Every structure is written in structure tokens, then in C-alpha cells.
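Student: Residues are numbered in the working numbering as their position in the sequence shown, beginning at 1, plus a constant of 8.
After the C-alpha cells below, expect a handful of questions from me.
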Amino acid sequence: MKQKSGTDKGAIERSEAEIAAAEMLGTDRHDRIAGIILAAGYSSRMGDFKPLLQIGNRTAVEWIADTYKKSGISSVLAVTGYKRELLVPVLEKKGIREAYNQEYDMGMFTSIQRGIREAMTVFADGPEGYFLMLADSPLVSAGVLKKIMDQHREVPEAFIVPCYQGKKGHPLFIPACFAEEILDHKGEGGLKAVTSRHEDRMIKLEVGDESVVLDMDTPQGYQELLDYYEERSSYAQNRGIDWDEAGETASGEQDAGLKLMLQGKRLFLVRHGEIRQHSEKIFLGQTDVPLSEKGRQQAAEAAEELLGNEARPLCIYSSDLLRAAETAELIRARFAEEENLSELSIICDSRLREMSLGCWDGCFIREIMEQYPEEYKRRGENLLTYKFDHSSENFYDLQYRAMKALRGILKQERAIEIGQNTENKTKDIVIVSHWGVINVILCRLLNVPLENGNRRPITNGGIIALDFRI
9 MKQKSGTDKG AIERSEAEIA AAEMLGTDRH DRIAGIILAA GYSSRMGDFK
59 PLLQIGNRTA VEWIADTYKK SGISSVLAVT GYKRELLVPV LEKKGIREAY
109 NQEYDMGMFT SIQRGIREAM TVFADGPEGY FLMLADSPLV SAGVLKKIMD
159 QHREVPEAFI VPCYQGKKGH PLFIPACFAE EILDHKGEGG LKAVTSRHED
209 RMIKLEVGDE SVVLDMDTPQ GYQELLDYYE ERSSYAQNRG IDWDEAGETA
259 SGEQDAGLKL MLQGKRLFLV RHGEIRQHSE KIFLGQTDVP LSEKGRQQAA
309 EAAEELLGNE ARPLCIYSSD LLRAAETAEL IRARFAEEEN LSELSIICDS
359 RLREMSLGCW DGCFIREIME QYPEEYKRRG ENLLTYKFDH SSENFYDLQY
409 RAMKALRGIL KQERAIEIGQ NTENKTKDIV IVSHWGVINV ILCRLLNVPL
459 ENGNRRPITN GGIIALDFRI
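Here it is, written out as C-alpha cells:
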């Protein structure tokens, strides 16, 4: 049997003849794939009950149910728990089977187990696989699910996770062969504890559709999802195309649109100055540390370099972490001495923060090596993709966040332009941030794969200038 390019080693594929035979017999119509909606949680970070949040003319749970059915999955069930009484009428209206999780207060993994157990009772011979769709991510398109199911037909015994520009998203597809292992797991480490034992059976499927990485876990995330819905709806309507097609097409045009917004501008990426040193090396990440005296001097030198390049920004954008914000303020103060830059402001943006290392943030590297020797080794072997816990990020997560920030900055620049009634096409953009953020932005703008560009040296107080005026 052949090994398909892009799949992980160890996943067994079906031959073309086997796939063709299955199609002739009608066994690949998704009749035995269960669509699970996880809707039992407290929605504590969001504040409102996520499954019933409105997007357009439908609630989140209705979007997911319709997407499942549009993709050819007829067996759909929702795992309920918190505020079940509000959700059940909507489920009944949509013809969705309910699986109540009495242990919903013990975390999401119990809901996953409950959903799988319930799905097993739907089919005489059991499902051949399970989709896990979170109520947080309601705008995933049917086209994405079809791509995942097509991949499943070729590699029937592999987990499949959709990705957008390298960042993992939702929904996860679980093949039936792992169901019992998940049900037998005692809960420690959740589903990740199971999937991490089978990394060679995990396919990261690039789908080219941003919807897979959007969620509404927080009010900010909900607003971003609503903005995405409006933009994608307008895009589809203006081009006379289907919602599913609009997702992949619009996502594919994002980089081209970004470079169009940068035309006629210069982009200055400034790394913050040196921080106050600790007694030994730490995992810095998003730990908030002030500048050292040397770092303040580096910031002053960066200001002089920007002035020497005749940088004339409308404002300075900065990470909100102290080391970056201090650097930005020192640059602003020097610029304020120039007559035409005296009212320059600083706009802080949390999306420009350094990569989050989760619970490792601020810890001594020596302690991490002693307490988590295997995890530390795995991080070294898979630096681009490794994440220790749910609050940590990898380089693909960071790049997605940083590029989203850059697009937001460019839109904000345009709004400032309009407000000031200026059409200065040669204006400059100054961003003060961190090594990781600057590197991932450069990789995207210069079309360099992360694995080739994530070790680019940038000194403290250093400036990378990109000229888009030509």
C-alpha cells in the first residue's frame, strides 16, 4: 500500500481498489459516522451560555447541527449538562438526540466519554468514527467535514485534526478503533493523554479554512467570530458563491490582501530592550519583567535609529507586556522632542505578546528539566508544534495570533487616516514586540516556512525594516 504525502508515519491507508469497492457498495456515505456536539460546559469564561448564542439567524448549536447534516452525517447527538433545560427544546426542534452528562461539572472529558457511549447505541455494529464539535466553534463548514471524511476513507485508523496555516483546530475526528481506550481512560490529562500516545496516528490535515480555528470561549472571541461571519457572508454574497466555498476562497486571499494593505508603506518591527536578569535562566514567555538599564539604553538607541530612517508613524503599536511597553514609551518620548511627532500615541495590543508557555512561564529552566524531563525532551524535538498544556502556544498558534494582530493594525491605520483626513501613502508603521512575534511575522511576509525562519537572531532593541513602497 502507498503512503500518502502529508500523513504521519504509521497510519495505514486503503488502496485505491479498496476505496472504489467501498464506494460501489455504498459504504462510504457517512451512514456510520456520529456527529457529537459538546454542549455541557459552564461557559464560565464567556459569561453567556455558548450553545444558544446567536450568529446571524441561528444559534450556535443549530449551526453545528445543520453543518453535520449538510455534510451527509445523519446521526447527530448533543451532550448536555449545564442549563440543559434551555437547550433541550432547541435540540428537539432540530431533531438532535440528547445525551445528558450527569458529571458535566467534572470537565469536558466526561462529556466526550458520554457522547461516545451514546453514539455506540445508535448503530447496530457501532460507529466507524466520531466527530467532536465544540459549541465554541459553530462556523466550521460542511466542506471541512467532507475533507476530513475523505481523508478517513484513505486512512481509516487515524485521528484527524483540521489545521489552518499549521494551527490545529476543530473538530477532531476519532476513528472507532480508539473508542474503548478513550472510555477506559480514567480522565487524567483528558483526551490529550490518549492522543499523545498515538502521535504517529494523528493526521494534521491542512484545510485552508479559517473557521476551524475560530472559537467563542470569551466575549472577545465571540465578537471576532461575529465579525468573521459578517465578512464571510458579504464575501459569498458579492461573489455569488456558497458559504462553504467562501471560507476557503476568502482565507486563501488573506495574504494577498495583507500585502495590498502594506503597499506604499514601511513596516518597522522593533524588539524590546534587555530585561532585568534573574539569578538563572527562565522560560520567559509572557512573564512580565521590566527593562534593565541596558535595555532602556537599547530602547533609546532604537528611537534614534528610527528617527535616522525618517520614520513618521501615526502612532506606535506595542505588546502590552512591560518590557515592550517600556520600550515603546521610551521611543515615543524621544519622538515627542520632534515638532511634528509631539502628539504621537501608543496603542497596546495583547495579541502582540510573546508566545505563552502556559504553566512553564516564569519557571527556571533547570526546574522544568528536573520535574518534566520527558516533556522537556519532546519540546526540544518538536519545537515548532509542542505544547505542554492548554494555555500554552506553539509557533503556529503564535503566527496565527500575530498575523491577526497585524491585519487589525492595518485596518486601524486606515481608520486613523480617514479620521485625520490624510492620504499619506508613505506613512510608516512601528510595532514594538518580542523575538517570537517578529520572527513569525517575517516568515509569513517573506514566504519563509517556520521551520526555516524561527531561529533568526534579533538583538534586544534591534529593528527589522520592511519597505513596501516599491
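Beta carbons: idealized from backbone N, C-alpha and C, even for Gly.
If you're wondering where the values come from, they're calculated on a predicted model, not measured in any experiment.
Can you have a look at Pro227 and say buried or exposed, based on whether 16 or more other CB atoms are within 10 angstroms of its CB?
Tutor: Position 219 of the sequence shown, counting from 1, holds the residue named residue 227. Pro227 should be labelled exposed.
Student: Does DSSP put Thr467 in a helix, in a strand, or in coil?
Tutor: The count along the sequence shown starts at 1 and reaches residue 467 at position 459. Looking at Thr467 - three-state DSSP - the assignment turns out to be coil, as it is neither helix nor strand.
Student: Return the chain-ordered list of same chain residues with a C-beta closer than 7 Å to the C-beta of Glu188, the five sequence neighbours on each side being excluded.
Tutor: Counting from 1 along the sequence shown, the entry for residue 188 is found at position 180. Around Glu188: no qualifying Cβ.
Student: Check whether the Cβ atoms of Arg279 and Ile41 lie closer than 8 Å to each other.
Tutor: To locate residue 279, count along the sequence shown from 1; it is residue 271. To locate residue 41, count along the sequence shown from 1; it is residue 33. No, they are not a contact pair.
Student: Please state whether DSSP places Arg345 in a helix, a strand or coil.
Tutor: Walking along the sequence shown from the start, residue 345 turns up at place 337. Note that residue 345 is Glu in the sequence shown here, rather than Arg. Coil at Glu345, not helix or strand.
Student: Consult DSSP for Met224 and reduce its assignment to one of helix, strand or coil.
Tutor: For the purposes of this step, residue 224 is taken as residue 216 along the sequence shown, with counting starting at 1. Met224 falls in the coil class under three-state DSSP.
Student: Please report how far the alpha carbon of Arg463 lies from the alpha carbon of Val152, in whole angstroms.
Tutor: The residue labelled residue 463 in the question sits at position 455 within the sequence shown. The residue labelled residue 152 in the question sits at position 144 within the sequence shown. Cα to Cα, the separation comes out at about 33 Å.
Student: Residues in the same chain with beta-carbon distance under 6 Å from Phe476, minus the five sequence neighbours each way, listed in chain order, please.
Tutor: To locate residue 476, count along the sequence shown from 1; it is residue 468. Here the set comprises Leu270, Gln271, Lys273.
Student: Excluding five sequence neighbours on each side, which residues of the same chain lie with their C-beta closer than 6 Å to the C-beta of Phe343?
Tutor: Taking the sequence shown and counting its residues from 1, one reaches residue 343 at position 335. Taken in chain order, the residues that qualify are Leu349, Leu352.
Student: Helix, strand or coil for Asp436? Go by DSSP, reduced to three states.
Tutor: Along the sequence shown, read from residue 1 onward, the residue named residue 436 stands at position 428. Here Asp436 sits in strand by DSSP.
Student: State the beta-bridge partners of Lys212 as determined by DSSP.
Tutor: As a working note, residue 212 is residue 204 in the sequence shown. Val169.
Student: So Asn447 and Glu282 are in contact, right, with Cβ under 8 Å, and what is the actual spacing, rounded?
Tutor: Along the sequence shown, read from residue 1 onward, the residue named residue 447 stands at position 439. Along the sequence shown, read from residue 1 onward, the residue named residue 282 stands at position 274. Contact doesn't hold; Cβ gap of about 18 Å is too wide.
Student: Buried or exposed for Pro205, please, with buried defined as at least 16 other CB atoms from any protein chain shown within 10 angstroms of its CB.
Tutor: On the sequence shown, position 197 is the one that residue 205 refers to. Position check: residue 205 holds Arg in this sequence, whereas Pro was assumed. By the neighbour-count criterion, in which a residue is buried when 16 or more other Cβ atoms sit within 10 angstroms of its Cβ, Arg205 is exposed.
Student: Beta-carbon separation of Ile324 and Ile290 under 8 Å?
Tutor: Reading the sequence shown from its first residue, position 316 is the one you call residue 324. Reading the sequence shown from its first residue, position 282 is the one you call residue 290. Their beta carbons are not under 8 Å apart, which means Ile324 does not touch Ile290 by this criterion.
Student: Going straight from the alpha carbon of Phe167 to that of Leu180, what length do you get?
Tutor: The residue labelled residue 167 in the question sits at position 159 within the sequence shown. The residue labelled residue 180 in the question sits at position 172 within the sequence shown. Looking at the two C-alpha atoms, the distance is approximately 7 Å.
Student: Apart from the five residues just before and just after Asp250, which ones in its own chain have a Cβ nearer than 7 Å to its Cβ?
Tutor: Locating residue 250 in the sequence shown gives position 242, where the first residue counts as 1. Correct list, in chain order: Ala244.
Student: Taking 8 Å as the threshold (C-beta atoms), are Gly123 and Leu99 in contact?
Tutor: Counting from one through the sequence shown, the residue named residue 99 turns up at place 91. Counting from one through the sequence shown, the residue named residue 123 turns up at place 115. No; because the gap between Cβ atoms is not below 8 Å, this pair is not in contact.
Student: Please list the segments of the beta strand (DSSP E) lying wholly inside the segment 101 to 171, counting only runs of 3 or more residues, in order along the chain.
Tutor: DSSP runs (the beta strand (DSSP E)) wholly in the segment 101 to 171: 105 to 108, 137 to 142.
Student: Which residue comes first and which comes last in the alpha helix (DSSP H) that contains Thr1?
Tutor: Nothing in the structure corresponds to residue 1, since the chain is present only between 9 and 478.
Student: Kindly provide the ranges of any alpha helix (DSSP H) runs that are 4 or more residues long and lie completely inside the segment 375 to 404, ordered along the chain.
Tutor: 381 to 389
Student: Under 8 Å: do the segment 309 to 322 and the segment 376 to 393 share three or more Cβ pairs, one atom per stretch?
Tutor: no
Student: Quick check: what's the CA-CA separation for Phe372 versus Thr295?
Tutor: The count along the sequence shown starts at 1 and reaches residue 372 at position 364. The count along the sequence shown starts at 1 and reaches residue 295 at position 287. Rounded to the nearest angstrom, the two C-alpha atoms are 12 Å apart.
Student: For Ile439, I'd like the list of residues in its chain whose CB is within less than 6 Å of its CB, leaving aside the five on either flank, ordered along the chain.
Tutor: In the sequence shown, the residue the question calls residue 439 occupies position 431. Excluding sequence neighbours, Ile439 sits near Leu277, Tyr325.
Student: Opposite Lys175 in the DSSP bridges: which residues?
Tutor: Counted from its first residue, the sequence shown places residue 175 at position 167. Per DSSP, the beta bridge partners of Lys175 are Tyr172.
Student: Please report the straight-line C-alpha distance between Asp192 and Phe117, rounded to a whole angstrom.
Tutor: As a position in the sequence shown, residue 192 is number 184, starting the count at 1. As a position in the sequence shown, residue 117 is number 109, starting the count at 1. If I take the Cα positions, the gap works out to 12 Å.
Student: Alpha helix (DSSP H) containing Arg452: first to last residue?
Tutor: As a position in the sequence shown, residue 452 is number 444, starting the count at 1. Residues 443 to 453.
Student: For the segment 142 to 149 against the segment 99 to 108, do three or more pairs of beta-carbon atoms, one drawn from each stretch, fall closer than 8 Å, so that the two count as touching?
Tutor: no
Student: Just verifying my parser: in three-state terms, what is the DSSP assignment at Arg247?
Tutor: Your numbering for residue 247 matches position 239 in the sequence shown. Three-state DSSP puts Arg247 in a helix.
Student: For chain B, is any of its Cβ atoms less than 8 Å away from the one on Ile355?
Tutor: The structure shown contains no chain B; it holds only a single protein chain.
Student: Just to confirm my understanding: we take Ile308, look at its own chain, exclude 5 residues before and 5 after, and list those with CB closer than 7 Å. What are they?
Tutor: For the purposes of this step, residue 308 is taken as residue 300 along the sequence shown, with counting starting at 1. Note that residue 308 corresponds to Ala in the displayed sequence, not to Ile. Cβ within range, chain order: Leu338, Arg342.
Student: Would you mind sorting Leu329 into buried or exposed? The rule is 16 or more other CB atoms within 10 Å of its CB.
Tutor: In the sequence shown, counting from the first residue as 1, residue 329 sits at position 321. With 16 or more Cβ atoms within 10 Å of its Cβ, Leu329 is classed as buried.
Student: Return yes when the Cβ of Gln173 is within less than 8 Å of the Cβ of Tyr404, no when it is not.
Tutor: Taking the sequence shown and counting its residues from 1, the one referred to as residue 404 is at position 396. Taking the sequence shown and counting its residues from 1, the one referred to as residue 173 is at position 165. Taking 8 Å as the Cβ cut-off, Tyr404 and Gln173 qualify as a contacting pair.
Student: Gln110 to Ala47, Cα distance in whole Å?
Tutor: The residue given as residue 110 occupies position 102 in the sequence shown. The residue given as residue 47 occupies position 39 in the sequence shown. Whole-angstrom Cα-Cα distance: 13 Å.
Student: If the criterion is Cβ atoms closer than 8 Å, does the pair Ala493 and Leu60 meet it?
Tutor: This structure gives no information on residue 493, because the portion of the chain shown stretches from 9 to 478.
Student: List the endpoints of the continuous alpha helix (DSSP H) containing Arg304.
Tutor: As a working mapping, residue 304 is identified with position 296 in the sequence shown. Counting along the chain, the alpha helix (DSSP H) containing Arg304 begins and ends at 301 to 316.
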